[in-house]
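Have a look at the structure below, then the notes.
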Amino acid sequence: MTDLEFNQLQEEFLMAEKELGTETFTRHFRKVFGIPCLDFVNSIVINLPEPCYANCEYCIDTYLRKNSIDNTSFLEICEKVLQEFPNAKSVAITGGSLNSVDFNHLLTLIKAYLPNSYINWNTNGVGINEDYLNGISKINHVNLHRNSMNEDENERIFRATRQILSLSKAKELMGDKLCLRVTIDKTFDIDEYSKVEIPLYLNRLLPGTKETDEVFNNTLKKLNISDNVDQRRRNVYLNANYQGVPVRICMGDKLATHVPNRRPTYLNVAIVHRSGIVCGSWFEDDKVIYMPNAQLENAVETDKDISKRLLLSRKVN
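Numbering of the sequence shown is given in my numbering, commencing with residue 39 and proceeding in unit increments.
As structure tokens, this is what we get:
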């Protein structure tokens, strides 16, 4: 690392200390995979490497599908990440997909390293059957992604190349762990979804349009929103009820931006991408903390060098 890069890094941390205060800064400053960061990670996201088998027109994850590694290597990286963040409180599994044998093994790993973590699985339901029950037994809840309550319309929008899990079969496999995950678009009607009396997890469409924002705001007006608000550093989750159905609403991280080659000065989440790259961002070149079979250029300094050159009298854990 050049002197100019160290000076820039030093400035970032000094600004962060000023923003957070010395006590908070000291509590969160440590090296993650050898990289100095402010570790605010409570959640680990695991983006499964096998295909999702769907082709939704609105998908924002298309470019990541091209960069998957083999399952064995992926699971080894997941284990490294679980070891690196022993204080993580939740694990979100998304994707992508994973065959039942590797999926069940992944859940065993999560429970071995983070036995008290809250685990949720976001899935479109492609290919899921009884072979997944061992893994499902270790999960707190399953967010089944739906585009419509009508089975034919749901399959049409997914444009999947494999069988989509029906709602009746999902109820059978997942029981009271089942939630319906729905993105609020211009056609969303909460009355239609509430009829099945399954808890709802609602996402705000970002970037939205005037129409989708109007539907989102009108939906909020219908809900009985509680004071139990889950505030993250960059996001807000509301908890509500609609006609006896529990509803959780992701308000959306409007502050999130893609900054290529940005350092993970603030690390708010650890995302294991299908490629095996681990970042604090949904973009594989932003806030990178681990790359398979490669040593990151910014991880070559010793603890002593970093403390000295950053002019921070901190103990790096």
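Quick reminder that beta carbons are idealized off the backbone N, C-alpha and C, glycines included.
Own chain residues within Cβ distance below 8 Å of residue i, not counting five before or after
{"i": "Leu58", "result": "His66, Leu76"}
{"i": "Met187", "result": "Leu205, Glu230, Tyr231, Lys233, Val234"}
{"i": "Tyr170", "result": "Ser138, Phe141, Asn142, Leu211"}
{"i": "Phe321", "result": "His296, Pro298"}
Beta-carbon separation (whole angstroms), residue i vs residue j, contact threshold 8 Å
{"i": "Ala130", "j": "Val83", "result": "5 Å"}
{"i": "Met329", "j": "Ile315", "result": "5 Å"}
{"i": "Lys127", "j": "Tyr156", "result": "6 Å"}
{"i": "Asn256", "j": "Arg219", "result": "Incorrect: roughly 20 Å between the Cβ atoms, too far for contact."}
{"i": "Lys176", "j": "Lys149", "result": "5 Å"}
{"i": "Glu50", "j": "Phe63", "result": "About 12 Å separates the two Cβ atoms, so there is no contact after all."}
{"i": "Thr132", "j": "Asn85", "result": "6 Å"}
Of the listed residues the options, nearest to residue i (C-alpha basis)
{"i": "Thr250", "options": "Leu258, Thr225, Ile263, Val267", "result": "Thr225"}
{"i": "Asn238", "options": "Val326, Leu182, Tyr156, Asn162", "result": "Looking at the sequence shown, residue 238 is not Asn but Leu. Of the candidates Val326, Leu182, Tyr156, Asn162, the one whose C-alpha sits nearest the C-alpha of Leu238 is Leu182."}
{"i": "Asn178", "options": "Val164, Thr199, Asn154", "result": "Asn154"}
{"i": "Thr199", "options": "Glu230, Gly165, Asn45", "result": "Gly165"}
{"i": "Arg197", "options": "Asn299, Asp223, Gly163", "result": "Gly163"}
{"i": "Val119", "options": "Leu42, Glu230, Phe71", "result": "Phe71"}
{"i": "Thr221", "options": "Ala208, Ile195, Leu203, Met212", "result": "Ile195"}
{"i": "Gly290", "options": "Pro124, Val274, His311", "result": "Val274"}
{"i": "Ala376", "options": "Leu203, Asn306, Ile174, Gly246", "result": "The structure shown does not extend to residue 376, since the chain is modelled only from 39 to 355, so the question has no answer here."}
{"i": "Cys168", "options": "Asn185, Lys207, Arg184, Lys176", "result": "Rather than Cys, the amino acid found at residue 168 in this sequence is Glu. The option with the nearest alpha carbon to Glu168 is Lys207."}
{"i": "Phe44", "options": "Arg68, Pro74, Gln121, His311", "result": "Pro74"}
{"i": "Ile215", "options": "Ile174, Pro245, Ser319", "result": "The question names Ile, but residue 215 is Lys in the sequence shown. Of the listed residues, the one whose Cα sits closest to Lys215 is Ile174."}
Close-in-space but distant-in-sequence residues of the same chain around residue i (CB under 6 Å, 5 per side omitted)
{"i": "Cys217", "result": "His179, Asn181, Pro237, Tyr239"}
{"i": "Lys325", "result": "Arg300, Pro302, Cys317, Gly318, Ser319"}
CB contact flag (residue i, residue j, <9 Å)
{"i": "Asn172", "j": "Asn137", "result": "no"}
{"i": "Ser232", "j": "Ile107", "result": "no"}
{"i": "Pro302", "j": "Ile263", "result": "no"}
{"i": "Cys90", "j": "Ser135", "result": "yes"}
{"i": "Asn125", "j": "His311", "result": "no"}
Own chain, CB closer than 7 Å to residue i, minus 5 neighbours either side, in chain order
{"i": "Lys260", "result": "Ile228, Tyr280"}
{"i": "Phe112", "result": "Pro87, Gly314"}
**Study point:** Entirely enclosed beta strand (DSSP E) segments - the segment 113–184, minimum 3 residues
**Key:** 128–133, 156–161, 179–183
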